[in-house]
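Going line by line, the protein sequences match chains C and B.
Take the first sequence: its letters are residues 13 to 441, numbered as in our numbering.
Take the second sequence: its letters are residues 12 to 156, numbered as in our numbering.
Report on the following structure.
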Amino acid sequence: MIKELKSPLRVVLDNYGRINPESIEEYIAQDGYEAVGKVLREMRPEQVLSEIKASGLQGRGGAAFPTGLKWEFTAKAKAAPKYIICNADEGEPGTFKDRAILEGDPHKIIEGMIIAGYAVGAHYGYIYIRGEYLLSINRFNKALKQAREHRFLGEDVFGSGFNFQIEIHQGAGSYVCGEETALMESLEGKRGNPRFKPPFPPSSGLWGKPTLINNVETLANIAPIILKGADWFRIFGTKECPGTKVYAISGHVKEAGLIEAPMGITLREIIIDYAQGMRDSKFKMAQVGGTAGAILGEDMLDVSLDYASLGEKGLVLGSGAILVMDETTCALDMLKCFLNFFKRESCGKCIPCRVGTEKLLELATAISRGEGKEDDIDLMLHTAKVVQKTSLCALGQSLILPISTILKYFREEVTEHIKGRCPTGVCKI
Amino acid sequence: MKLRNKEKDVIALLSKAQRENKHNYITEDKLKLIAQEAGLSYGEVYGVATFYSLFSLKPRGEYVIRVCDSGPCHLMGLKSIFEVLEKELKIKVGETTDDGRFTLEEVSCLGICNEAPAMMINEKVCDNLTPQKIREILRELRKKK
Chain C
13 MIKELKSPLR VVLDNYGRIN PESIEEYIAQ DGYEAVGKVL REMRPEQVLS
63 EIKASGLQGR GGAAFPTGLK WEFTAKAKAA PKYIICNADE GEPGTFKDRA
113 ILEGDPHKII EGMIIAGYAV GAHYGYIYIR GEYLLSINRF NKALKQAREH
163 RFLGEDVFGS GFNFQIEIHQ GAGSYVCGEE TALMESLEGK RGNPRFKPPF
213 PPSSGLWGKP TLINNVETLA NIAPIILKGA DWFRIFGTKE CPGTKVYAIS
263 GHVKEAGLIE APMGITLREI IIDYAQGMRD SKFKMAQVGG TAGAILGEDM
313 LDVSLDYASL GEKGLVLGSG AILVMDETTC ALDMLKCFLN FFKRESCGKC
363 IPCRVGTEKL LELATAISRG EGKEDDIDLM LHTAKVVQKT SLCALGQSLI
413 LPISTILKYF REEVTEHIKG RCPTGVCKI
Chain B
12 MKLRNKEKDV IALLSKAQRE NKHNYITEDK LKLIAQEAGL SYGEVYGVAT
62 FYSLFSLKPR GEYVIRVCDS GPCHLMGLKS IFEVLEKELK IKVGETTDDG
112 RFTLEEVSCL GICNEAPAMM INEKVCDNLT PQKIREILRE LRKKK
């Protein structure tokens, strides 16, 4: 059980820690599968689409694309069959929200997938769960079996004539497979190399067929929206980014864990109100959105953590991972760690990303050993820009964000290494 | 409607082959066999097997220790974890002990960041690691025959 920090408000995590996730009866007792019943008995697919659109729900995997619009594109696609995919390949460092949802409330995801299938006209769904999440896989397997026994899955669900099946695909270890087209390649049994876009999945996805792919947390919002309505959903969060967000907090805070909070909470509120403050030393920086996210310094403590507010500043909320770092942290040492991650996880399809990540790590390592040159910092920025502009997927495109923001705040600290001194004493020079 | 044919799903076949091998890896013969079964070339199957970090093409130990090396674990004291493991096992990352019991691997985020630093030993999660906790875990595993 992941520690959940006191969250008074719950949409996504309403059942988390409160019901036995392996009991469908307990889920049903919390109005479980009522949203599916309501949709199949009372709503036409177009009505479901307009409800989701009206809610303003955005993709919670990180890209924040309007969910209703994505559903509509897939619904309008002419080709058949169509597929639903739940992206549970949670690999962004610092993120453990999807694991919590899968482990704590798997039926909610099944419900979201069935409703999505009905709305876009798909009869088959896959959930791609990363291979390391064994408990998630086991719990989801059990949940699927129970849902089939209760005839929420299979043929003629709720006597409506609608058929829907779900199958689990177990990942085999790859960060880039979280990218939607790479995930589809992987589901087809191939190397997880991202595809060119367009075409986008709603017109050509899995096996070239129209495919709707949504993140776990996105799908966990569907049943509540259907049951309580789009207007209710819009009470939470901001006008541009309605709803709640599950943030995952780690690092130098007193209490690490998950919180569900309205979109638009600030970093200061998260650290002080939920995580009970810093552990030993003063706040230095936080990385928001995972390793592919930006570094936020003290001046950003009161910025609203929602997609729109961060987007305006050229930053990202991403998966909602928040890594808090105190003054004992060496900015360059962390940058090296991030670059090592990108180097390891680059799939190698785009040469600038494959070679660039290697070169970036070499540069950062040389600087950390006191072997760097003055212009190495600008060379890093230039290299990152080239990788950003010439890579196919978000891995290569977004690595400039941690690099440029670390250098924005801590260029002097990095330069000190070139002069032969690590100000925090972390790097051995 | 096109559905996955499990008999021809390379990733599932590779997983099964690795699970059934007592040294935790996929042999060259098995790769060739899977290529045949799936109707693909050896190169294609080799490409898939080497893409995913959970697959290994060389023999590994009875216990595969996979230490998370991503931001949150790195921040929470990962360096000392690697030092202790390398010293205790007398191997470097990517190597297997001479007695064939332990393999040490460095992996990306395992999603246990709230209990960092963390690692997995085969299918078991070990979190909130300290040098002392690691020594205890190794002692327990060494006792098992």
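The beta carbon of each residue, even a glycine, is placed where N, CA and C say it ideally should be.
- Annotation for D390/C: the continuous alpha helix (DSSP H) segment containing it runs 388–402.
- Between E357/C and chain B, the shortest Cβ-Cβ separation is below 8 Å.
- When only Cα atoms are considered, F353/C and G124/C end up about 32 Å apart.
- Rounded to the nearest whole angstrom, the CA to CA distance from A260/C to E267/C is 11 Å.
- DSSP, read as helix, strand or coil, puts Y286/C in helix.
- DSSP places L335/C inside the beta strand (DSSP E), whose first and last residues are 333–338.
- As computed with DSSP, E117/B is found in a beta bridge with V78/B.
- Look at D168/C here: in three-state DSSP terms it is strand.
- Shown in chain order are the members of the stretch 180–212 of chain C whose Cβ falls below 9 Å from a Cβ of chain B: H181, Q182, G183, A184, G185, S186, Y187, C189, S198, L199, E200, G201, K202, R203, G204, N205.
- Listed along chain C is no residue with a C-beta nearer than 9 Å to that of S91/B; the closest approach is about 13 Å.
- With distances taken between CA atoms, T86/C lies nearest to N226/C out of L199/C, L327/C, N226/C, H119/C.
- Taking the beta carbon of G73/C as reference, no residue of chain B falls within 7 Å; the closest one sits roughly 14 Å away.
- DSSP, reduced to helix, strand and coil, places E272/C within a strand of the structure shown.
- Shortest Cα-Cα distance from G173/C to any of C362/C, G44/C, G49/C involves G49/C.
- For S62/C, the three-state secondary structure derived from DSSP is helix.
- Within the stretch 110–121 of chain C, those residues whose Cβ lies closer than 7 Å to any Cβ of chain B are, in chain order, R111.
- Within 9 Å of the CB of D80/B, the CB atoms of chain C belong to C349, N352, F353, R356, in sequence order along the chain.
- In this structure, the alpha-carbon of I238/C lies about 28 Å from that of T278/C.
- Membership of A298/C in the beta strand (DSSP E) is indicated by the continuous run 295–300.
- By the CB criterion at 8 Å, G71/C and T79/C fall inside the cutoff.
- Nearest to G249/C by alpha-carbon distance, out of D26/C, Q42/C, K440/C, S67/C, is S67/C.
- A Cβ of chain B is located within less than 8 Å of the beta carbon of S262/C.
- Close to V59/B, with beta-carbon spacing below 8 Å, are these residues of chain C in chain order: G201, K202, R203.
- For N226/C, the pairing in a beta bridge is given by DSSP as C98/C.
- Taking the C-beta atoms as reference points, I430/C is found no nearer than 8 Å to K371/C.
- Only those residues of the stretch 268–300 of chain C whose C-beta falls short of 8 Å from the nearest C-beta of chain B are listed: A268, G269, L270, Q299.
- A Cβ of chain B is located within less than 8 Å of the beta carbon of E102/C.
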